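Participant: Structure below; questions to follow.
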Amino acid sequence: MKILVPIKRVVDYNVKVRVKSDNTDVDLSNLKMSINPFCEIAVEEAVRLKEAGVASEVVVVSVGDKACQEQIRTALALGADRGIQVDTDQKPLPLSIAKLLHKVVEQEDPSIVLLGKQTIDGDNNQTGQMLAALAGMGQGTFASELKIDGDKALVTREVDGGLVTVALSLPAVVTTDLRLNEPRYASLPNIMKAKRKPITVTTPEELGVTIESTVEVLKVESPASRSAGVMVDSVEQLIEKLKTEAKVI
Amino acid sequence: MTILVIAEHDNASLKPETHKVVAAATAIGGDIEILVAGHNCQDVAVNAATLSGVSKVLVADNQSYADQLAENIGLLVADLGKSYSHILTAASTTGKNFLPRAAALLDVNQISDVIRVESSDTFVRPFYAGNAIATVKSQDTIKVLTIRTSAFDGVTQEGSAAVVAIDNAHDAGVSSFVSGEMTESERPELGSARVIVSGGRGMQNGENFAMLEELADKLGAGVGASRAAVDAGFVPNDMQVGQTGKIVAPELYIAVGISGAIQHLAGMKDSKVIVAINKDPEAPIFQVADYGLEADLFDVIPALNEQL
Numbered sequence: 005m006k007i008l009v010p011i012k013r014v015v016d017y018n019v020k021v022r023v024k025s026d027n028t029d030v031d032l033s034n035l036k037m038s039i040n041p042f043c044e045i046a047v048e049e050a051v052r053l054k055e056a057g058v059a060s061e062v063v064v065v066s067v068g069d070k071a072c073q074e075q076i077r078t079a080l081a082l083g084a085d086r087g088i089q090v091d092t093d094q095k096p097l098p099l100s101i102a103k104l105l106h107k108v109v110e111q112e113d114p115s116i117v118l119l120g121k122q123t124i125d126g127d128n129n130q131t132g133q134m135l136a137a138l139a140g141m142g143q144g145t146f147a148s149e150l151k152i153d154g155d156k157a158l159v160t161r162e163v164d165g166g167l168v169t170v171a172l173s174l175p176a177v178v179t180t181d182l183r184l185n186e187p188r189y190a191s192l193p194n195i196m197k198a199k200r201k202p203i204t205v206t207t208p209e210e211l212g213v214t215i216e217s218t219v220e221v222l223k224v225e226s227p228a229s230r231s232a233g234v235m236v237d238s239v240e241q242l243i244e245k246l247k248t249e250a251k252v253i
Numbered sequence: 009m010t011i012l013v014i015a016e017h018d019n020a021s022l023k024p025e026t027h028k029v030v031a032a033a034t035a036i037g038g039d040i041e042i043l044v045a046g047h048n049c050q051d052v053a054v055n056a057a058t059l060s061g062v063s064k065v066l067v068a069d070n071q072s073y074a075d076q077l078a079e080n081i082g083l084l085v086a087d088l089g090k091s092y093s094h095i096l097t098a099a100s101t102t103g104k105n106f107l108p109r110a111a112a113l114l115d116v117n118q119i120s121d122v123i124r125v126e127s128s129d130t131f132v133r134p135f136y137a138g139n140a141i142a143t144v145k146s147q148d149t150i151k152v153l154t155i156r157t158s159a160f161d162g163v164t165q166e167g168s169a170a171v172v173a174i175d176n177a178h179d180a181g182v183s184s185f186v187s188g189e190m191t192e193s194e195r196p197e198l199g200s201a202r203v204i205v206s207g208g209r210g211m212q213n214g215e216n217f218a219m220l221e222e223l224a225d226k227l228g229a230g231v232g233a234s235r236a237a238v239d240a241g242f243v244p245n246d247m248q249v250g251q252t253g254k255i256v257a258p259e260l261y262i263a264v265g266i267s268g269a270i271q272h273l274a275g276m277k278d279s280k281v282i283v284a285i286n287k288d289p290e291a292p293i294f295q296v297a298d299y300g301l302e303a304d305l306f307d308v309i310p311a312l313n314e315q316l
């Protein structure tokens with residue numbers, strides 16, 4: 005069984021981004037970039053399925069400029085077998101990314117496509133669902149457990165109010181939640197080995213997809229800032245303030 | 009211009025999230041219709057018909073919609089959605105699951121987590137964990153939006169819309185419901201609670217959450233948690249507040265033993281009044297707290313429980 009893992013290069017999760025002074029976008033210059041945390045969990049899950057003998061090959065794919073090869077290498081160091089970069093300087097919206105991934109799915113014919121549930125930059129939480137729709141596959145979103153049972157995937161999903169388990173016919177799309185697993189660290193020998201693993205480069209043109217943007221960003225602003233309030237000295241004072249000043253209890 | 013709102017429900021009752029999505033639809037302006045897709049969900053439809061500003065309620069009552077499987081609801085919404093200018097639902101786990109699927113089938117983009125409506129084609133949404141707010145204009149023929157319900161006040165229930173059954177069955181046949189394991193709680197749901205008491209790693213273990221529950225009961229509050237508390241197994245994950253958990257904006261948010269990482273702040277910093285109780289004076293949570301108390305929570309919470 006082959007597993008395809010789409011990953012994204014995003015600003016590191018510990019970085020607090022700032023909005024550019026001309027309000028066109030956030031300023032990403034000179035910031036630390038990493039593999040999106042949810043994508044890392046997807047890579048880890050795919051590698052574990054390979055180690056368990058369920059999967060035979062793990063292929064990672066990323067849509068972006070040449071710099072995203074760095075994150076593909078990271079995934080290869082974590083145990084993926086080979087990489088595909090869909091080379092573009094544009095920043096496609098989830099629908100275009102899903103269309104590109106759909107073409108890659110048609111070429112690679114994986115049994116499972118494992119994605120993160122959302123990227124921490126766009127916060128869209130759309131791509132996996134859109135890909136599943138285009139490919140006509142079942143979807144197990146926000147997965148906290150994934151089991152393969154014959155020709156079905158059993159996915160336990162984190163939903164408001166608890167957990168729900170669904171059975172999906174393979175091939176299927178699964179998106180990861182934080183609690184699916186704890187990603188490993190890449191060891192130095194594995195980082196060295198990853199340098200020799202192949203990355204093929206393709207383009208949206210080769211895949212026959214035109215990247216379209218139907219959503220125009222008019223402006224990007226900083227959120228209304230919240231200033232620090234007051235420190236109180238005692239529980240009595242806290243209750244007093246909440247009762248008489250804030251009037252919330 | 010006709011707007012389709014997809015109701016959030018559990019086949020038995022309408023969730024208050026739907027009231028808020030209708031408020032967002034009202035801000036767009038136009039005729040508003042509600043779709044209730046489920047099984048044996050007539051009561052939900054009757055309730056939805058009372059929401060102010062709604063002109064019609066469509067009920068798709070079919071076994072294939074009983075478990076809100078995205079594959080089936082997605083097909084239904086994509087099929088019906090063609091004749092609407094806007095399709096809206098709550099940015100809940102249900103809405104996030106099926107709506108992007110419907111959008112892709114309609115070949116349009118989706119705008120996630122809308123916090124403000126500027127006009128019928130211009131919307132405001134946060135990204136980068138709420139550290140940036142984008143105003144975006146959609147050129148799509150059908151605007152597909154999930155609504156951040158904490159950013160809208162729900163509409164009243166003074167309407168009397170017609171309830172119309174529709175015969176529109178879809179079964180993609182690729183997925184099935186196996187089991188569900190819901191967390192039982194008597195306390196208000198986080199999304200609609202007026203007060204929330206949240207605990208973090210500082211709680212040390214799950215048993216200590218009983219102290220917070222006692223406080224929550226005194227305040228009529230919901231109980232939330234940080235990712236650290238969930239990952240450590242103190243509480244179930246549906247209690248997580250943050251970028252990847254629930255986004256809340258109660259009148260009062262009490263953060264106990266929570267440092268205030270970017271990802272947690274993303275889920276609660278629009279609360280009206282924030283109280284932080286932490287023994288670390290450097291904890292980032294104090295930078296957003298209206299009232300901070302630098303002290304050991306194991307002294308403070310019992311004292312609060314006693315004095316309230």
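Line by line, the protein sequences give chains A and B. Numbering of the first sequence is given in my numbering, commencing with residue 5 and proceeding in unit increments. Numbering of the second sequence is given in my numbering, commencing with residue 9 and proceeding in unit increments. Think of the CB as a built atom: it goes at the ideal place given N, C-alpha and C, for glycine as much as any other residue. Given the structure is predicted, the values throughout are model-derived calculations rather than measurements.
State the Cα-Cα distance for the pair Q133 (chain A) and L113 (chain B), rounded to the nearest angstrom.
Facilitator: If I take the Cα positions, the gap works out to 10 Å.
Participant: Identify the continuous alpha helix (DSSP H) that holds L312 (chain B) and give its terminal residues.
Facilitator: Looking at the DSSP string, the run of the alpha helix (DSSP H) that includes L312 (chain B) is 305 to 315.
Participant: Determine the DSSP secondary structure at F160 (chain B), reduced to helix, strand or coil.
Facilitator: Residue state, collapsed to three classes: coil.
Participant: Looking at chain A, which residues of the segment 176 to 187 of chain B have a Cβ within less than 9 Å of any of its Cβ atoms?
Facilitator: Under the 9 Å Cβ criterion, the segment 176 to 187 of chain B contributes A180, G181, V182, S183, S184, F185, V186, S187.
Participant: Using a beta-carbon distance cut-off of less than 7 Å, what residues from the segment 80 to 94 of chain B approach chain A?
Facilitator: Of all residues in the segment 80 to 94 of chain B, G82 have a Cβ within less than 7 Å of some Cβ in chain A.
Participant: Are S100 (chain A) and E216 (chain A) touching if we call contact CB-CB under 9 Å?
Facilitator: Taking 9 Å as the Cβ cut-off, S100 (chain A) and E216 (chain A) qualify as a contacting pair.
Participant: Would you list, in sequence order, the uninterrupted alpha helix (DSSP H) runs of no fewer than 4 residues that lie entirely inside the segment 83 to 122 of chain B?
Facilitator: Here the runs fully enclosed are 101 to 113.
Participant: Is the Cβ of P10 (chain A) closer than 9 Å to any Cβ of chain B?
Facilitator: No - not a single Cβ of chain B is within 9 Å of the one on P10 (chain A).
Participant: Which residues, taken in chain order from the segment 239 to 263 of chain B, show a beta carbon closer than 8 Å to some beta carbon of chain A?
Facilitator: Listed by position, the residues of the segment 239 to 263 of chain B near chain A (Cβ gap below 8 Å) are D239, P244, N245, D246, Q251, T252, K254, E259, L260.
Participant: Can you tell me the Cβ-Cβ gap for D69 (chain A) and T92 (chain A), rounded? I've got them flagged as a contact below 8 Å.
Facilitator: Confirmed, about 7 Å.
Participant: Within 10 angstroms of the Cβ of G181 (chain B), are there 16 or more other Cβ atoms? Answer buried if so, exposed if not.
Facilitator: So G181 (chain B) counts as exposed.
Participant: Which residues share a DSSP beta bridge with A263 (chain B)?
Facilitator: According to DSSP, A263 (chain B) bridges with B:S206, B:A284.
Participant: DSSP on M9 (chain B), reduced to helix/strand/coil?
Facilitator: The answer is coil: DSSP assigns M9 (chain B) none of H, G, I, E or B.
Participant: Pull up the DSSP beta-bridge partners for I76 (chain A), would you.
Facilitator: None, per the DSSP bridge assignment.
Participant: Would the beta-carbon of R188 (chain A) be found less than 8 Å away from any heavy atom of the ligand FAD?
Facilitator: The ligand FAD is absent from the structure shown, which contains no ligands of any kind.
Participant: Below 8 Å on the Cβ atoms is my guess for L220 (chain B) versus V203 (chain B); work out the distance and round it to an integer in Å.
Facilitator: Wrong, their Cβ atoms sit about 12 Å apart, outside the cutoff.
Participant: Please name the residue or residues paired with G68 (chain A) in a DSSP beta bridge.
Facilitator: For G68 (chain A), which the question treats as bridged, DSSP gives the partners A:D91.
Participant: For Q130 (chain A), return the contacting residues in chain B, with the cut-off set at a CB-CB distance below 7 Å.
Facilitator: Ordered by position in chain B, the residues that pass the 7 Å Cβ test against Q130 (chain A) are P108, Q118, S120.
Participant: Please confirm if V296 (chain B) has its CB atom under 9 Å from at least one CB of chain A.
Facilitator: Cβ-Cβ to chain A under 9 Å: yes for V296 (chain B).
Participant: Span of the beta strand (DSSP E) holding N190 (chain B)?
Facilitator: The sequence shown places Met at residue 190 (chain B), rather than the Asn named in the question. Taken as a continuous stretch (DSSP letters only), the beta strand (DSSP E) holding M190 (chain B) covers 183 to 190.
Participant: Determine, using beta-carbon pairs with one atom in the segment 204 to 216 of chain B and one in the segment 91 to 110 of chain B, whether at least three such pairs fall under 8 Å.
Facilitator: The answer is no - the segment 91 to 110 of chain B does not touch the segment 204 to 216 of chain B, with fewer than three Cβ pairs under 8 Å.
Participant: Quick one: Cα of L59 (chain B) to Cα of L198 (chain B), how far?
Facilitator: Whole-angstrom Cα-Cα distance: 22 Å.
Participant: Taking only three categories from DSSP, how would you classify K226 (chain B)?
Facilitator: Helix at K226 (chain B).
Participant: Whose C-alpha, out of B:K254, B:I293, B:E259, is nearest the C-alpha of K251 (chain A)?
Facilitator: Residue B:E259 is the option with its Cα nearest to K251 (chain A).
Participant: The alpha helix (DSSP H) with E55 (chain A) in it runs from where to where?
Facilitator: 41 to 55 is the span of the alpha helix (DSSP H), which, as asked, contains E55 (chain A).
Participant: Can you tell me the Cα-Cα spacing of T214 (chain A) and L97 (chain A), whole angstroms?
Facilitator: C-alpha separation (whole angstroms): 12 Å.
Participant: Are the C-beta atoms of T248 (chain A) and some chain B residue less than 9 Å apart?
Facilitator: Chain B, which has no Cβ nearer than 9 Å to the Cβ of T248 (chain A), makes this no.
Participant: Taking the alpha-carbon of C43 (chain A) as reference, which of A:V23, A:G120, A:S173, A:E49 has the nearest alpha-carbon?
Facilitator: Looking at the Cα atoms, A:G120 is the closest of the given residues.
Participant: Mind checking D16 (chain A): buried by the 16 CB within 10 Å criterion, or exposed?
Facilitator: D16 (chain A) comes out exposed.
Participant: Taking S168 (chain B) as the reference, give the member of B:E189, B:K64, B:F185, B:T143 with the closest Cα.
Facilitator: Minimum Cα distance to S168 (chain B) is reached at B:K64.
Participant: Verify whether the separation of the beta carbon atoms of T204 (chain A) and I39 (chain A) is less than 9 Å.
Facilitator: No, the pair does not count as a contact, with Cβ atoms beyond the cut-off.
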